[in-house]
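Everything below concerns the one structure shown next.
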Amino acid sequence: MSERERARSVSPGPEVTLQLPLVRASARHLRVALAEHLAARKVPRSATRDVLLAADEAFVNAFMHGGDVAGTVTVRADVQSNRVLVTICDDGCGFDVDALDVRSRPDPQSAHGRGLFLIHHLMDEVEVRSHAAVRGAAVRGAAGPGTLVRMVKAF
Numbered sequence: 001m002s003e004r005e006r007a008r009s010v011s012p013g014p015e016v017t018l019q020l021p022l023v024r025a026s027a028r029h030l031r032v033a034l035a036e037h038l039a040a041r042k043v044p045r046s047a048t049r050d051v052l053l054a055a056d057e058a059f060v061n062a063f064m065h066g067g068d069v070a071g072t073v074t075v076r077a078d079v080q081s082n083r084v085l086v087t088i089c090d091d092g093c094g095f096d097v098d099a100l101d102v103r104s105r106p107d108p109q110s111a112h113g114r115g116l117f118l119i120h121h122l123m124d125e126v127e128v129r130s131h132a133a134v135r136g137a138a139v140r141g142a143a144g145p146g147t148l149v150r151m152v153k154a155f
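Rendered as C-alpha cells:
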C-alpha cells in the first residue's frame with residue numbers, strides 16, 4: 001500500500017491509525033484521512049474543524065521540531081459516543097514540555113510558537129509528553145525518543 005493509500009484509508013470501526021512519513025506532504029494526507037474518518041462517524045462539522053486544525057498543528061510541530069527527516073508520525077483517531085480522541089506520536093528528538101507556557105497568548109510578531117497554544121484552546125483535553133518513556137507506551141514495541149500529543153474533543 002502506498003503512502004497516499006495508507007494516509008487515506010478509513011477504518012470501518014470507530015478508530016483509524018495512520019503511519020505517516022515525516023514529510024510536509026503528509027500533513028495534507030493526515031487532514032484528508034482524518035476528515036473522511038470523522039465525517040463517516042457523523043462528527044459535527046464544528047468539532048471536526050477543531051480536531052483537524054489541532055491535529056495539523058501537532059503534525060507540523062513534529063515536522064518542524066522533530067529533528068529526524070527519516071522519522072514517522074503515528075496518528076490514531078477514535079470516535080466514541082460524543083467525543084473524538086486523537087493521539088499523535090512522533091519518534092523525533094522530543095522537547096522540554098515544562099519549558100513552554102501554552103496558556104499565554106503567543107507573541108503576534110513571532111514566526112513560531114502558536115501550535116500548542118492553538119491545540120490547548122481548540123480541544124477540551126490536551127496532554128503532551130515527551131521522550132523515550134512515552135514512545136514505548138504509546139506505540140506498541142516502539143523505542144527511542146519522541147513526543148506524544150493526546151487530544152480530546154467533545155461534541
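To convert, note that position 117 of the sequence shown is 117 in this note's numbering; the numbers rise steadily by one, no gaps. We treat Cβ as the ideally placed atom computed from N, Cα and C, and that holds for glycine.
(Q) Quick check: GLY163 and GLY115, are their CB atoms within less than 8 angstroms of each other? (A) Since the first and last residues shown for the chain are 1 and 155, residue 163 lies out of range.
Q) If you draw a straight line from the C-alpha of LEU34 to the C-alpha of VAL60, how long is it? A) Spanning the two alpha carbons is a distance of roughly 15 angstroms.
Q. When you compare only the Cα positions, how much space is there between VAL51 and GLY94?
A. Those two C-alpha atoms are separated by around 23 angstroms.
Q. Looking at the structure shown, is VAL152 part of a helix, part of a strand, or coil, going by DSSP?
A. Reduced to three states, the DSSP call for VAL152 is strand.
Q. Rounded to a whole number of angstroms, what is the C-alpha to C-alpha distance between HIS37 and LEU18?
A. Looking at the two C-alpha atoms, the distance is approximately 11 angstroms.
Q: Please state whether DSSP places ALA33 in a helix, a strand or coil.
A: In the structure shown, ALA33 falls within a helical segment according to DSSP collapsed to helix, strand and coil.
Q | 7 angstroms Cβ shell around LEU20 - same chain, five flanking residues per side excluded | A | The answer, listed in chain order, is ALA7, SER26, HIS29, LEU30, THR72, VAL73 and VAL75.
Q) Name the DSSP bridge partner or partners of SER26? A) In the DSSP output, where bridge partners are listed per residue, SER26 has none listed.
Q: Run the CB neighbour count on ASP107, radius 10 Å, all protein chains shown included, and call it buried at 16 or more, exposed below.
A: The residue in question, ASP107, is exposed, as its Cβ has fewer than 16 Cβ neighbours within 10 Å.
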